[in-house]
Amino acid sequence: MASKIINIMLVDSHTIVREGLKALIEGDKELKVIATSENGKEAVEKARELNPNIIIMDIDIPYMSGIEVLKIIKDQGLNSKVIILTALRNREFIIAATKLGAMGYLFKNCDTNTLLKSIREISIGRTYIDQAVATVLTQNVHNKIQKSNIELEKIKSLSRREYEVLTLISSGRSNKDIGKELFISEKTVKNHITKLFKKIDVNDRVQATIFAYQNGII
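See the structure below:
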């Protein structure tokens, strides 16, 4: 049985980057670039029209930034999953992008295998934060002893099982994977996730992953 093709849109202001990414991605027969865009305004229009499975997008693009595009995608309920691929190593950008629903965040100096792996992981509903990005997230973050009382209280409020689920979420595992790992049903996994998200005050898996990185859980 043939695998389902993953349709991708590329958004970058540089022609050479778009063309290079297209050639690289389409070296995999299960990946297809159905559109490219050089600016945020055009990206929004094409996302509405074509509904790509995945959008790979820079933050620094003309007319509206990648962050603004993410907000529109979220506000309008578009189904495309977004991977940020950028040269910007700003911690605030990483956090802003993930809060607006980016499922993956990579720097442009990542290798080919990392990019292709992120596409596959995100296409099946997992999140992907590269190790280099994780390093930026944890820069200038104090160790556990120096954490604010609020963050420490959030961590201490987690049950042993919720803590286990958080570590597995942060490694990109799906609910099904977590259930198998912990020998519990997917329904039970979902219940644990709902409770732990409320306890650590996050809305989705990417924010949970960032919380785990920032607090030394992984």
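Each residue of the sequence shown is one higher than the one before, counting from 38 in the working numbering.
Don't be surprised by glycine CBs; every beta carbon is placed ideally from N, CA and C.
For TYR250, the three-state secondary structure derived from DSSP is helix. When the beta-carbon positions are compared, ASP95 and GLY103 come within less than 8 Å of each other. Within the same chain, ARG128, ILE131, ILE247, TYR250, GLN251 come within 7 Å of LEU174 by CB-CB distance, once the 5 residues on both sides are set aside. A distance below 7 Å between beta-carbons, with the five flanking residues on each side excluded, links LEU233 to the following residues of its chain, in chain order: LEU195, GLU199, VAL202, LEU203.
Listed in chain order, the non-local C-beta contacts of ILE45 below 8 Å within the same chain comprise ILE62, LEU68, LYS69, VAL70, ILE71, PRO89, ASN90, ILE91, ILE92, ILE93, ILE156, local neighbours out to five positions each way being set aside. Using a Cβ distance threshold of 8 Å, ASP148 and LEU125 do not count as a contacting pair. The beta strand (DSSP E) runs lying completely inside the region 40-105 and spanning 3 residues or more are 43-48, 68-74, 91-94, given in chain order. If you draw a straight line from the Cα of LYS213 to the Cα of LEU153, it comes to about 22 Å. GLY216 is not bridged by DSSP to any residue. Assigned with DSSP and collapsed to three states, LEU137 falls in coil, not helix or strand. Contact check for LYS136 and GLN244: beta-carbon distance about 6 Å, within the 8 Å limit, so the pair qualifies. Contact annotation: VAL106 and LEU143 have beta-carbon atoms that are not nearer than 8 Å.
Taken atom to atom, the span from the alpha-carbon of THR52 to that of LEU219 is near 46 Å.
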